[in-house]
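Quick notes on the structure that follows.
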Amino acid sequence: MITVQSISNYDKAHPTAITIGTFDGVHIGHRKILERLINNAKVLELKSTVLTFFPHPRMVLQKDVSIRLLNTIDEKIKILEEIGIDYLIVHPFTKEFSRLSATQFVRDILVNDLKTKKIIIGYDHRFGRNRNANINDLMAFGNALEFDVEEISAQEIDDVSVSSTKIRKALEEGDMKTANLYLGYKYMLTGTVVKGRGLGRKLNFPTANISIPEEYKLIPKNGVYVVSSIMDNKTVYGMMNIGFNPTVDGKKQSIEINFFDFDQDLYGKKIQIDIIDRIRDEQKFASVDALKIQLKKDRETSLSIISM
45 MITVQSISNY
55 DKAHPTAITI
65 GTFDGVHIGH
75 RKILERLINN
85 AKVLELKSTV
95 LTFFPHPRMV
105 LQKDVSIRLL
115 NTIDEKIKIL
125 EEIGIDYLIV
135 HPFTKEFSRL
145 SATQFVRDIL
155 VNDLKTKKII
165 IGYDHRFGRN
175 RNANINDLMA
185 FGNALEFDVE
195 EISAQEIDDV
205 SVSSTKIRKA
215 LEEGDMKTAN
225 LYLGYKYMLT
235 GTVVKGRGLG
245 RKLNFPTANI
255 SIPEEYKLIP
265 KNGVYVVSSI
275 MDNKTVYGMM
285 NIGFNPTVDG
295 KKQSIEINFF
305 DFDQDLYGKK
315 IQIDIIDRIR
325 DEQKFASVDA
335 LKIQLKKDRE
345 TSLSIISM
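Quick note: the sequence shown uses the working numbering, first residue 45, plus one each step.
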């Protein structure tokens with residue numbers, strides 16, 4: 045897959061079959077649409093292309109800093125590449141861009157810049173300044189400008205909406221089974237390993253503390269999780285704590301992973317953590333010794349989940 049930053053950087057030599065959207069999570073509902081896009085592109089000998097925007101339009105138009113997304117841009121790129129999309133175009137979303145008329149967007153961008161021959165889009169898709177154009181307008185443009193429009197049904201769009209809602213709710217409740225079921229893969233956290241307080245090593249449970257710079261990334265409910273990661277092309281398992289370390293008077297939320305049977309210096313490295321399941325809530329223990337006893341139980345619980 046080729047990732048293009050900004051529509052203006054797209055190679056106009058390649059006509060496209062395109063779909064447009066945020067595709068946050070790239071979950072099982074999205075995959076139906078993307079598989080249809082890929083199949084159409086192959087039959088029509090076009091490049092399967094996803095046009096998405098960043099920042100999220102709500103961040104720009106509504107100044108909604110509270111919005112939390114299921115994927116960072118890098119995570120989305122990784123997932124779309126695995127699915128088999130030819131081109132991902134990440135266009136900067138600005139107020140100026142939002143003011144383009146429907147005609148400007150379709151004629152200048154979709155047709156002239158992206159050489160669109162086929163568009164696969166939801167029945168409820170709206171576009172242009174003030175979102176005043178709809179699927180019927182798009183089909184009229186298609187007739188005039190010689191591209192086909194394939195409408196995604198209300199049922200399929202509802203599936204996408206339900207999936208997104210259920211995934212966010214599940215993550216906020218720590219229900220990883222439901223979240224992972226609707227995602228079609230294990231929910232991931234991607235960050236850089238940074239120096240922590242060193243408390244884990246003192247407890248004989250050394251941890252890798254990860255920092256996630258993307259503040260919009262949705263972090264699951266505080267608690268203890270069983271996780272995996274790929275290190276040197278091998279799967280390494282561990283347990284992760286998300287929370288404030290109340291037993292040792294932690295003041296800010298941290299994400300710490302204790303990897304099993306693994307002892308390498310990870311400081312400064314960017315790693316991806318795949319969350320398998322949630323073990324328990326974070327809790328404050330009466331003493332550090334009591335915490336150590338619980339950590340041993342957590343390890344045993346994690347190993348039993350991994351071996352299932």
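Cβ atoms here follow ideal geometry from the backbone N, Cα and C, with glycine treated the same way.
Worksheet item: Who are the near neighbours of ARG75 in its chain, counting only those whose CB is closer than 8 Å to its CB and skipping five residues on each side?
Response: Walking along the sequence shown from the start, residue 75 turns up at place 31. Here the set comprises ILE127 and GLY228.
Worksheet entry | Alpha-carbon to alpha-carbon, ILE315 and ASN285 | The residue you call residue 285 lines up with position 241 of the sequence shown. The residue you call residue 315 lines up with position 271 of the sequence shown. ASN285 and ILE315: Cα-Cα distance of roughly 16 Å.
Discussion item. So if DSSP puts ILE286 in a beta bridge, which residue, or which two residues, is it bridged to?
Written reply: Translated into the one-based positions of the sequence shown, residue 286 becomes position 242. Bridge partners of ILE286: GLY267 and ILE299.
Worksheet entry | Collapsed DSSP secondary structure at ALA57 in the structure displayed | Walking along the sequence shown from the start, residue 57 turns up at place 13. Coil at ALA57, not helix or strand.
Worksheet item: DSSP on HIS29, reduced to helix/strand/coil?
Response: The chain is shown only over 45 to 352; residue 29 falls outside these bounds and no answer can be derived.
Worksheet item: Where VAL271 and ARG212 are concerned, what is the direct C-alpha to C-alpha distance, given to the nearest angstrom?
Response: As a working note, residue 271 is residue 227 in the sequence shown. As a working note, residue 212 is residue 168 in the sequence shown. Rounded to the nearest angstrom, the two C-alpha atoms are 19 Å apart.
Practice prompt. Can you give me the Cβ contacts of ASN84 inside the same chain, cut-off strictly under 6 Å, excluding the 5 residues immediately before and after it?
Written response: Residue mapping note: residue 84 aligns to position 40 of the sequence shown, counting from 1. Closer than 6 Å at the Cβ level, and outside the excluded window around ASN84, lie ALA61 and LYS162.
Worksheet item: For ILE63, which beta-bridge partners are listed by DSSP?
Response: If you number the sequence shown from 1, residue 63 lands on position 19. First, the residue type needs correcting, since residue 63 is Thr and not Ile in the sequence shown. Paired residues: VAL94.
Worksheet item: How about the segment 184-197 and the segment 286-300: do they share at least three Cβ pairs that are nearer than 8 Å?
Response: no
Worksheet item: Alpha carbon to alpha carbon, how far is PRO136 from SER50?
Response: Numbered from its first residue, the sequence shown carries residue 136 at position 92. Numbered from its first residue, the sequence shown carries residue 50 at position 6. About 6 Å.
Fill in: Contact under 7 Å by Cβ, GLY235 with GLY267
Walking along the sequence shown from the start, residue 235 turns up at place 191. Walking along the sequence shown from the start, residue 267 turns up at place 223. Contact: no.
Worksheet item: MET232 and ASP321: beta carbons closer than 7 Å?
Response: The residue labelled residue 232 in the question sits at position 188 within the sequence shown. The residue labelled residue 321 in the question sits at position 277 within the sequence shown. Going by C-beta atoms, MET232 is not nearer than 7 Å to ASP321.
Worksheet item: Measuring CA to CA, which of ARG173, HIS58 and LEU113 is closest to TYR131?
Response: On the sequence shown, position 87 is the one that residue 131 refers to. The residue with the shortest Cα to Cα distance from TYR131 is HIS58.
Worksheet entry | alpha helix (DSSP H) segment containing GLU217, residue limits | Taking the sequence shown and counting its residues from 1, one reaches residue 217 at position 173. From DSSP, the alpha helix (DSSP H) with GLU217 extends over 198-217.
Worksheet item: Do the CB positions of PHE98 and VAL150 come within less than 7 Å of each other?
Response: Working through the sequence shown from its first residue, we reach residue 98 at position 54. Working through the sequence shown from its first residue, we reach residue 150 at position 106. Result no, Cβ atoms of PHE98 and VAL150 do not sit closer than 7 Å.
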